[in-house]
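Be aware that the sequence shown starts at 1, since it is given in full-length UniProt numbering, and climbs by one per residue.
Even glycine gets a Cβ: it sits at the ideal position worked out from N, Cα and C.
Have a look at the structure below before the remarks.
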Amino acid sequence: MIRRAVLVVLGLIWLGPTYLLLVNAARPADSYDPARAWAPSGDFALLENVARAVEGANLGGSLASTALYALVSPLLGVLIGALAGYTIVVLRLRHGFWWFLLIFGGTVFPSQMLLVPLFVSYSDAGLYDTRLGLILVYTAINVPLGAFVLRNFYQGVAFSIFEAARMDGASTWRIFWRVYLPMSASALTAVFILEFTFIWNDLVFGLTLSQTEDVRPVMTAIAGLMTDVYAGTPVPVGLAAGLVVSLPTVVLFLATQRLFARGLSLGSVQ
């Protein structure tokens, strides 16, 4: 009984920020009062606030661009990471461990250290404020995680599977595409969900490498909207915008939670 009560209390504390977000995002834009933030207003103005946020921050263009980044870059990152893991483990690349360290070693540096070199190189190469530039940087950031997870997964797969496929006349690429890639579907899904969430919620790279409304990620647009809270943007409008942009990651996780949970255990062959 005591344990259940403690869990209920902790759950309510955990859900407190979500409750505040929903209650204040649904109140009329001009009726926000910090002293009464916990009390529902009695009026439902969520749709009006969402429409005002979409118009004020051009969320339509930012959402479309972010959807492009969050779908294309994780797919490329997962595929390249799987190829790296397959080459290192299955094809037994010479000095494979050092190649893996080279791929994964970049993750030990804070992303803030990359901002100035990226900004300068993107400006010189003409990639600044382009969708292609953001796709490239997001893909490069996601490859190490894919390589790490898939390398661990392929180490648990019997090498005899590769040998049997080679004896049947399959090429190296065909074995990867038709045998190892489907076998690691759960691991690929888990990595994709993590990378999708990271890209969707990214602010730093979008703020540094983009400027126009049709290119910048949605979190950059939200940051610009919330910056204007004290200059005319009501708090409920900003909260409604935050609620809208958080829905895709929630829906994706709910739709793929079984595959995600299965992908977390990478020690057995499927």
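Tell me the rounded alpha-carbon separation between residue 73 and residue 3.
Using only the alpha carbons, I get a separation of about 43 Å.
Count the CB pairs spanning the region 151 to 159 and the region 192 to 201 that are closer than 8 Å, and state whether there are at least three.
Contact check between the region 151 to 159 and the region 192 to 201: fewer than three CB pairs, one atom from each, fall below 8 Å, which does not count as touching.
Cβ pair residue 204, residue 121 closer than 7 Å:
no
Looking only at C-alpha atoms, which of 45, 233, 222 and 235 sits nearest to residue 60?
Checking every option, the nearest Cα to that of residue 60 belongs to 222.
Hey, could you find the ends of the alpha helix (DSSP H) residue 160 is sitting in?
159 to 167
Give the straight-line distance between the Cα atoms of residue 237 and residue 54, rounded to the nearest whole angstrom.
9 Å
Return the Cβ separation of residue 82 and residue 184 in integer angstroms, given the expectation that the two are a contact with Cβ distance under 8 Å.
7 Å
What is the rounded straight-line gap between the Cα of residue 268 and the Cα of residue 157?
Model confidence at residue 268 stands at a pLDDT of 40, short of 50, so the residue's coordinates are unreliable; what they give is reported in the following sentence. Roughly 7 Å between the two C-alpha positions.
Nearest residue (CA-CA) to residue 200, options 245, 25 and 39
245
My understanding is that residue 147 touches residue 85, with C-beta atoms under 8 Å, so please give their C-beta distance in whole angstroms.
5 Å
So for residue 177, helix, strand or coil by DSSP?
helix
Proximity below 7 Å, CB of residue 187 to CB of residue 149:
yes
Segments assigned alpha helix (DSSP H), at least 4 residues, entirely inside the region 172 to 256:
172 to 175, 185 to 200, 204 to 209 and 218 to 227
Nearest-angstrom Cα distance between residue 29 and residue 45?
8 Å
Compute the beta-carbon to beta-carbon distance between residue 19 and residue 234, rounded to the nearest angstrom, for a pair I have assumed lies under 8 Å.
Not really, about 19 Å apart at Cβ, beyond 8 Å.
Could you tell me if residue 126 is buried or exposed, where buried requires 16 or more neighbouring beta carbons within 10 angstroms of its beta carbon?
In this structure residue 126 is exposed. Its beta-carbon is surrounded by fewer than 16 other beta-carbon atoms within 10 angstroms.
Backbone secondary structure at residue 38 - three-state DSSP:
coil
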